[in-house]
Amino acid sequence: MSFQKRLQANEFVVLAEMHTPKGVNISRLVTDARRIKGRVDAIVVPDMDNGIMRMSALAGGVLMQQQGVEAIIHLYCRDRNRMALQGDILAAHVLGIENLMVVHSEEMSQGDHSDAKTVDDLDEIGLLKAIETLQNGKDMAGFDLDGIPSFFTGCSIAPYADEAALAEELAAAQQKVAVGARYILTPPVFDVGQFASFFSRVKELGVPVIPTVFLLKSLAIAQYIANSEPGAHISDELIRRIRKSGDREQEGIQIAGETIAALKSMTQGVLIQTLGWEHKLPAILDVAGL
Amino acid sequence: MITAERKPLEELIEYIKPFKRLLLVGCNECVTVCAAGGRKEVGLLASGLHMAMLKSGTNIEIHEHTLERQCDPEYIDELVPMIDSVDAVMSMACGCGVQEIARRFKGKPVFPAVNTKFMGASERQGVWSERCQGCGDCLLGKTGGVCPIARCAKQLMNGPCGGSTGGHCEIGEDVDCAWALIWERLKELGQEDRFVEITPAKDWRPGGGAGPRKIIREDLAE
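Following this line, the structure appears as structure tokens:
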């Protein structure tokens, strides 16, 4: 059953994120995808996440489909104007991509091509509307399309630092749903209890909510997130648990797997982010009982 | 100078419809020079708005005032004695002035009366053309004093493109090809060799690519 059908049937969906290479060596990407084929419902392929120039998500998504794994590709506005975005969206349909996710992009100056010109011709709402327009058989200039694309499109809520930022994110998410987003991916969950109150607010938006589970690869990463992102809610207890562990890598896998298992009774799915450790995905899924 | 053009009267009426007393503020700097928002234009707009509102059956009280500079908090203070007696402010300055008034008078609605256009120069009476986009890393010393960022439709760093014909840009015969101008100028200066130098991809950070810009002069800042 496809990702869309599973979500619509209220089935729990499991997504895994896989980045494209910075270069043309696709062997790791393909191997990692094959390793979890049949165990996840779709692979989410970011584009140039965190402002790092990589092979495009469109190519990555097509590669995933060629391996027999459904793909969800990221779209955002920093690097492409409305012409390029529409062209890529049409290309995605033709190449067999059925799922899009409109996301926020890291500011250009924070990336590895900080001297590049930012495009931002559209914003996330504008891009979602553009997708709707294309699905209605027109381009943004009002011209008829010869062949109409269709997609299952979602959006995301960015990490938030405090209540005010969360309120803004929720208001923005409401707009995104109003203009065509049919599922929402939310930031990493490190405290399921804390997530529950956030979740009760997000699900009011009326579309499936898929939280992210982020693999804590080391104590340093956990401490960094705890210190730099107060909205992430990494507790002292969690930090202590990793510190005391004899095998911190395994502890991170254990924590991710347990978090997924805990979320299973609450949400409509999870997105597993492993940032370069995609080979650990089978182990995380084992712990989660998936 | 920063150039501007007045917005259509209909748009301005939409802004002020809900109010009874309006402060219309001009600026003595750039918008005076380009005849968009100086003392004279304040007077003309005040009459125009007043008449249009009367036609629709509403009498609006419009106070007129023109500041020396709206982009300078020191001059904006002049509006303090007037601000409580009005419901809203309409600024005829560029976007910088509008924002300074909004920043200074937080509880007061502020509306722009002009569309800020570009940094340009006067070609002849009543004609202004774009000359600078504030890219933060001036190239004019290498391009014969003609800016390819502001004056080339494609912002080419290594022009011209195939659309340059007879010194004109492909977008229209009334638009000079910046690279044709650069070539002519370098020839006059005997610097044709500069034309074949390859200019690398531009760093857009100083031009705002790294977000809103700020200048801090340590020797002047308090």
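For the protein sequence lines, the chains are A and B, in the order given. Going by the numbering used here, the first residue of the first sequence is number 1, and it counts up by one from there. Going by the numbering used here, the first residue of the second sequence is number 291, and it counts up by one from there. Beta carbons: idealized from backbone N, C-alpha and C, even for Gly. Bear in mind the structure is a predicted one, so any value in this text is a computation, not a measurement.
Take valine 376(B), set aside five residues on each side of it, and the residues of its chain with a beta-carbon closer than 7 Å to its own are Arg311, Leu312, Leu313, His353, in chain order. In this structure, DSSP gives tryptophan 469(B) a helical state, which the three-state scheme calls helix.
In this model, cysteine 467(B) and glycine 453(B) are separated by some 9 Å (Cα to Cα). Residue burial annotation: methionine 372(B) is exposed, with fewer than 16 other C-beta atoms found within 10 angstroms of its C-beta. Sequence-ordered contacts of the stretch 492-503 of chain B with chain A read Asp493, Trp494, Arg495, Gly499, Ala500, Gly501 [C-beta pairs closer than 7 Å]. The residue from Lys504(B), Gly456(B), Leu429(B), Lys477(B) with its alpha-carbon nearest to that of proline 490(B) is Leu429(B).
Contact between the stretch 379-397 of chain B and the stretch 317-324 of chain B is present: three or more C-beta pairs spanning the two stretches fall below 8 Å. With distances taken between CA atoms, glycine 154(A) lies nearest to Val103(A) out of Ala116(A), Val103(A), Ala171(A), Met108(A). A distance of 8 Å or more separates the beta carbons of glycine 449(B) and leucine 479(B). Per the DSSP secondary-structure output, histidine 458(B) pairs in a beta bridge with Thr455(B), Asp466(B). Per the coordinates, the alpha-carbon of glutamine 250(A) lies some 19 Å from the alpha-carbon of isoleucine 225(A). Chain B places no beta carbon closer than 8 Å to that of aspartate 247(A), leaving this residue out of the contacts. Counting the other Cβ atoms within 10 Å of the Cβ of lysine 22(A) gives fewer than 16, which makes it exposed. Of all residues in the stretch 106-117 of chain A, only Glu107, Met108, Ser109, Ser114, Asp115, Ala116, Lys117 place a beta-carbon less than 8 Å from a beta-carbon of chain B.
Relative to leucine 335(B), the option among Leu302(B), Pro399(B), Thr293(B) whose CA is nearest is Leu302(B).
When only Cα atoms are considered, serine 218(A) and arginine 241(A) end up about 12 Å apart.
Buried is the label assigned to proline 438(B), since at least 16 other Cβ atoms lie within 10 Å of its Cβ. Here arginine 6(A) has Val13, Asp41 as same chain residues with Cβ atoms under 7 Å from its own Cβ, once five neighbours each way along the sequence are excluded.
Relative to alanine 443(B), the option among Lys432(B), Glu420(B), Val400(B), Arg414(B) whose CA is nearest is Glu420(B).
Residue pairing from DSSP places phenylalanine 214(A) in a beta bridge opposite Gln273(A). Within the stretch 72-126 of chain A, the complete alpha helix (DSSP H) segments at least 4 residues long are 82-94, listed from N- to C-terminus.
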